[in-house]
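**Student:**
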Amino acid sequence: MKLPRQARRSGAASTRGERRVAILGAGFSGLCMAVRLAKAGIRSFTIYEKSDGVGGTWRDNSYPGAGCDIPSHLYSFSFDRRPDWSRHYALQPEILRYLDDCVDRFGLRSKIRFGVEIVGARFDDAEALWHLRTRSGETFTADVLVTGLGQLNRPSVPEIPGLEQFTGTAFHSARWDHSSDLAGKRVAVIGNGASAVQFVPRIAPDVARLHLFQRSANWILPRNDAAYSAIAQRIFRSLPALEWMHRAAIYWALETRFLAMQNRTGRWVAPLVERAAMAHLEAQVPDADVRAKLVPDYPLGCKRVLISDDFYPALARANVEVVTSPIERFVRDGVVTADRRHRPVDTLIFGTGFESLSFLAPLEIEGRHGVRLGDVWRDGAEAYLGTAVAGFPNLFILYGPNTNLGHNSIVFMVEAQVGWAVRCVEELFRRDAGWLDVRREAMDAYNRDLQERMLDTVWMAGCHNWYKTASGKVTNNWPRFTFRYWLEMRKARFDALAWGA
Ligand code: NAP
187 MKLPRQARRS
197 GAASTRGERR
207 VAILGAGFSG
217 LCMAVRLAKA
227 GIRSFTIYEK
237 SDGVGGTWRD
247 NSYPGAGCDI
257 PSHLYSFSFD
267 RRPDWSRHYA
277 LQPEILRYLD
287 DCVDRFGLRS
297 KIRFGVEIVG
307 ARFDDAEALW
317 HLRTRSGETF
327 TADVLVTGLG
337 QLNRPSVPEI
347 PGLEQFTGTA
357 FHSARWDHSS
367 DLAGKRVAVI
377 GNGASAVQFV
387 PRIAPDVARL
397 HLFQRSANWI
407 LPRNDAAYSA
417 IAQRIFRSLP
427 ALEWMHRAAI
437 YWALETRFLA
447 MQNRTGRWVA
457 PLVERAAMAH
467 LEAQVPDADV
477 RAKLVPDYPL
487 GCKRVLISDD
497 FYPALARANV
507 EVVTSPIERF
517 VRDGVVTADR
527 RHRPVDTLIF
537 GTGFESLSFL
547 APLEIEGRHG
557 VRLGDVWRDG
567 AEAYLGTAVA
577 GFPNLFILYG
587 PNTNLGHNSI
597 VFMVEAQVGW
607 AVRCVEELFR
617 RDAGWLDVRR
627 EAMDAYNRDL
637 QERMLDTVWM
647 AGCHNWYKTA
657 SGKVTNNWPR
667 FTFRYWLEMR
677 KARFDALAWG
687 A
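Going by the working numbering, the sequence shown opens with residue 187, and the numbers climb by one from there.
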């Protein structure tokens, strides 16, 4: 059989028969991998998606006001830029539509198997194959396994006593109950993170009463969102170079935010940003008592800095109360706090974030010699370049350990990862090797250096955040400017890898 020219170059077909790549998840990461593989001439991949649609986190999070706090011209693929984003910060439906359109633009729909959740993956040394098992018991094999499961896909609901007694409606922000009409209801919102600051302003005008249970205040800066005019969209369409320059300007503006997050520069920069955040608070919340509750007690950047123009005004409403006394328990008809106050509510909304530290769970991954990834990561996840783990050959983890950011676009990080992963897959197939595996010494050296750099970041400060394990190891965030990661991924060759038959 005559192979297409690109496939011959990449070696996607070989003496081993057609080499297959399994991609888990049809969100930003999985789709990015698929497009880049196809561009490299490797079309023998399948995307397994547990739900019945694409979009990942942008499908799950459909709460009122859901949107991205990274401007859309940057929070989109560099190879699939759009001139006509409706506003600087697109809302969830527009981002989801973008991803859905992307699937058609790159002819990926037939490559996705919807409604298939992979729950187990085991690497067979002798065959150099990944054996995948679905929730319904089907099995598949693949030469290469790529996970695009995100870091924030499993909602976290805190273990507060009494939830089972509560007779009203309760749901998590990432599983918004759209059938629940909140108009005229008494609502408790637990948590005040990036999700809550988006949905609280949307629901506050409709509900009878909203109690916001806040454990710690956040640093909040103005969002300054605006729609793009039709003229701006037309200019971007006819002059793509201008759109590219706009994207680049956003990137570099966001990149400077990291100056506030590394201690060296943060000493000078963070106080300026803190002052801007306090001015924002003072301008938007006239009541001194409410304001006092909203002043953070930890250094700026230790938790994600939020951007919002309408959260503070929502908290200043007469029907909204900020509760700072910790929740002691839920009861049949409401919430009881440590100060013994009982607040009757009809609906509980958990804006309590995600189980961010147990990467890839509940997927069970078994590498060489039956070693489980969950065991290897018992003291905190780590990987080489945030992507590969020694002892788990032909596995690429997108948005993996230490690739999250507090200041710039994750899509940028994912594209950098995918670039390296695709080069590795091409080389694997070109060599007609059975497997590639990162050498343990290379992975350990990489992580020693990474954790040393971490010491200079604000995330190590004494605040509770979702980036850090109980023992204080930051497993989620990248501790440098993002262009450093991009450069590292571009420079990365194959010397850290071992190859086998
Ligand atoms: P989150 O930032 O982790 O916030 C969870 C909130 O729940 C925090 O306020 C936390 O308080 C509170 N909480 C947790 N357990 C609690 C308990 N037992 N009692 C009271 N409060 C409790 O979650 P999120 O808002 O869903 O956002 C998660 C991440 O998703 C963000 O950091 C961001 O990366 C991403 N996100 C992004 C966007 C975007 O625009 N791009 C939008 C939404 C989400 P403490 O602060 O005290 O821990």
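Even for Gly, the Cβ is constructed at its ideal location relative to N, Cα and C.
Going by beta carbon distance, what residues of the same chain come within less than 7 Å of A446, once the five residues before and after it are set aside?
**Tutor:** Along the sequence shown, read from residue 1 onward, the residue named residue 446 stands at position 260. Here the set comprises G452, V455, A456, V459, L486, G487.
**Student:** Taking the alpha carbon of G560 as the reference point, which residue from D630, R295, F545 has its own alpha carbon closest?
**Tutor:** For the purposes of this step, residue 560 is taken as the residue at position 374 of the sequence shown. Ranked by how close their Cα comes to the Cα of G560, the residues D630, R295, F545 have F545 in first place.
**Student:** Near A502, what residues of its chain come up, given a Cβ to Cβ distance below 6 Å and the 5 sequence neighbours on each side ignored?
**Tutor:** As a first step, residue 502 must be located in the sequence shown, where it is residue number 316. Counting only Cβ-Cβ distances below 6 Å, and skipping sequence neighbours, we find V471.
**Student:** Residue range of the beta strand (DSSP E) that D310 falls in?
**Tutor:** Here the question's residue 310 lines up with position 124 in the sequence shown. Taken as a continuous stretch (DSSP letters only), the beta strand (DSSP E) holding D310 covers 304 to 310.
**Student:** Quick check on the DSSP output: the alpha helix (DSSP H) that includes Y632 runs from which residue to which?
**Tutor:** Locating residue 632 in the sequence shown gives position 446, counting from the first residue. First-last of the alpha helix (DSSP H) with Y632: 626 to 640.
**Student:** Helix, strand or coil for H528? Go by DSSP, reduced to three states.
**Tutor:** Within the sequence shown, residue 528 is the residue found at index 342, counting from 1. Secondary structure at H528: strand, using DSSP grouped into helix, strand and coil.
**Student:** Just the C-alpha distance for G334 and I583, rounded to the nearest angstrom, thanks.
**Tutor:** Taking the sequence shown and counting its residues from 1, one reaches residue 334 at position 148. Taking the sequence shown and counting its residues from 1, one reaches residue 583 at position 397. Cα to Cα, the separation comes out at about 7 Å.
**Student:** Evaluate V531 with the Cβ neighbour count: other Cβ atoms within 10 Å of its Cβ, from every protein chain shown; 16 or more gives buried, anything less gives exposed.
**Tutor:** Here residue 531 refers to the residue found at position 345 of the sequence shown. Per the 10 Å Cβ criterion, buried.
**Student:** With a threshold of 6 Å on Cβ separation, who are the neighbours of V660 within its own chain once the five nearest residues in sequence on each side are excluded?
**Tutor:** The residue labelled residue 660 in the question sits at position 474 within the sequence shown. Correct list, in chain order: M640, W645, Y653, K654.
**Student:** Can you give me the C-alpha to C-alpha distance between F497 and P387, rounded to a whole angstrom?
**Tutor:** The residue given as residue 497 occupies position 311 in the sequence shown. The residue given as residue 387 occupies position 201 in the sequence shown. Taking the straight line joining both Cα atoms gives about 6 Å.
**Student:** Any heavy atom of ligand 1 within a distance shorter than 6 Å of the CB on P344?
**Tutor:** For this step, residue 344 is matched to residue 158 along the sequence shown. Between ligand 1 and the CB of P344, the shortest heavy atom gap is smaller than 6 Å.
**Student:** Closer than 8 Å is the cut-off here; do at least three beta carbon pairs connect the region 613 to 627 with the region 367 to 387?
**Tutor:** no
**Student:** Tell me the DSSP secondary structure of A328 in three-state form.
**Tutor:** In the sequence shown, counting from the first residue as 1, residue 328 sits at position 142. Strand, per DSSP.
**Student:** If I measure Cβ to Cβ from A394 and keep anything under 7 Å in the same chain, skipping five residues before and after, which residues do I get?
**Tutor:** As a working note, residue 394 is residue 208 in the sequence shown. Closer than 7 Å at the Cβ level, and outside the excluded window around A394, lie G370, K371, R372, N505.
**Student:** I need the DSSP call for P426, collapsed to helix, strand or coil.
**Tutor:** Position 240 of the sequence shown, counting from 1, holds the residue named residue 426. Reduced to three states, the DSSP call for P426 is helix.
**Student:** Please classify D290: is it buried, with 16 or more other beta-carbons within 10 angstroms of its beta-carbon, or exposed?
**Tutor:** The sequence position of residue 290 within the sequence shown is 104, counting from 1. D290 is exposed by the Cβ-count criterion.
**Student:** Does the Cβ of R490 lie closer than 6 Å to at least one heavy atom of ligand 1?
**Tutor:** Residue numbering aside, residue 490 sits at position 304 when the sequence shown is read from its first letter. Yes, the beta carbon of R490 sits closer than 6 Å to at least one heavy atom of ligand 1.
**Student:** Does R679 have its Cβ less than 7 Å from a Cβ in chain D?
**Tutor:** No chain D is present in this structure, which holds just one protein chain.
**Student:** For a minimum of 3 consecutive residues, which ranges assigned as the beta strand (DSSP E) are wholly contained in the region 362 to 443?
**Tutor:** Within the region 362 to 443, the complete beta strand (DSSP E) runs of at least 3 residues are 372 to 376, 395 to 399.
**Student:** Mapping DSSP to helix, strand and coil, what is Q448?
**Tutor:** In the sequence shown, residue 448 corresponds to position 262, counting from 1. Under the three-state reduction of DSSP, Q448 is assigned to strand.
**Student:** Please classify N410 as buried or exposed, where buried requires at least 16 neighbouring CB atoms within 10 angstroms.
**Tutor:** Taking the first residue of the sequence shown as 1, we reach residue 410 at position 224. Under this definition N410 is an exposed residue.
**Student:** If distances are taken between C-alpha atoms only, which option among L467, L318, V481, K297 comes closest to D329?
**Tutor:** Walking along the sequence shown from the start, residue 329 turns up at place 143. Considering only alpha carbons, the answer is L318.
**Student:** If I'm right that T243 touches G336 with Cβ under 8 Å, what's the distance once you round it to whole angstroms?
**Tutor:** Here residue 243 corresponds to residue number 57 of the sequence shown, with the count starting at 1. Here residue 336 corresponds to residue number 150 of the sequence shown, with the count starting at 1. Correct: roughly 6 Å between the Cβ atoms.
**Student:** Identify the residues that DSSP records as bridge partners of P256: which are they?
**Tutor:** Residue numbering aside, residue 256 sits at position 70 when the sequence shown is read from its first letter. Here residue 256 turns out to be Ile, not Pro, going by the sequence shown. DSSP lists no partner for I256.
**Student:** Evaluate contact between the region 571 to 580 and the region 552 to 559, counting only Cβ atoms and requiring at least three cross-stretch pairs below 8 Å.
**Tutor:** yes
**Student:** Anyone know if the C-beta pair for F214 and V597 falls short of 7 Å?
**Tutor:** As a first step, residue 214 is located in the sequence shown; it is residue number 28 there, counting from the start. As a first step, residue 597 is located in the sequence shown; it is residue number 411 there, counting from the start. Yes, they are a contact pair.
**Student:** Tell me whether L338 counts as near ligand 1, meaning its Cβ is closer than 6 Å to at least one heavy atom of that ligand.
**Tutor:** For the purposes of this step, residue 338 is taken as the residue at position 152 of the sequence shown. Yes; taking the cut-off as 6 Å, the Cβ of L338 has a heavy atom of ligand 1 nearer than that.
**Student:** I'd like to confirm something about N378: is its beta-carbon nearer than 6 Å to some heavy atom of ligand 1, or not?
**Tutor:** By one-based count along the sequence shown, residue 378 stands at place 192. Yes, since a heavy atom of ligand 1 falls inside the 6 Å radius drawn around the Cβ of N378.
**Student:** Starting from I513, follow its DSSP beta bridges and name the residues at the other end.
**Tutor:** Numbered from its first residue, the sequence shown carries residue 513 at position 327. T523, per the DSSP bridge assignment.
**Student:** Identify which residue in A312, H397, G216 has its Cα closest to the Cα of G553.
**Tutor:** As a working note, residue 553 is residue 367 in the sequence shown. When only C-alpha atoms are compared, the closest one is A312.
**Student:** For the beta strand (DSSP E) containing W685, name the first residue and the last one.
**Tutor:** Locating residue 685 in the sequence shown gives position 499, counting from the first residue. Element bounds for W685: 683 to 686.
**Student:** In the DSSP output, which residue or residues are listed as bridge partners for F300?
**Tutor:** Taking the sequence shown and counting its residues from 1, the one referred to as residue 300 is at position 114. F300 is bridged to E235.
**Student:** Return helix, strand or coil for L277, following the three-state DSSP convention.
**Tutor:** Locating residue 277 in the sequence shown gives position 91, counting from the first residue. Strand.
**Student:** Is the Cβ-Cβ distance between G537 and V305 less than 7 Å?
**Tutor:** In the sequence shown, the residue the question calls residue 537 occupies position 351. In the sequence shown, the residue the question calls residue 305 occupies position 119. Cβ distance not < 7 Å, so G537 and V305 don't count as in contact.
**Student:** Considering only the alpha carbon of each residue, which of A631, G211, V509 lies closest to L331?
**Tutor:** Residue 331 sits at position 145 when you count from the first residue of the sequence shown. The residue from A631, G211, V509 with its alpha-carbon nearest to that of L331 is G211.
**Student:** If you draw a straight line from the C-alpha of A684 to the C-alpha of L440, how long is it?
**Tutor:** The residue labelled residue 684 in the question sits at position 498 within the sequence shown. The residue labelled residue 440 in the question sits at position 254 within the sequence shown. So the two alpha carbons sit approximately 37 Å from each other.
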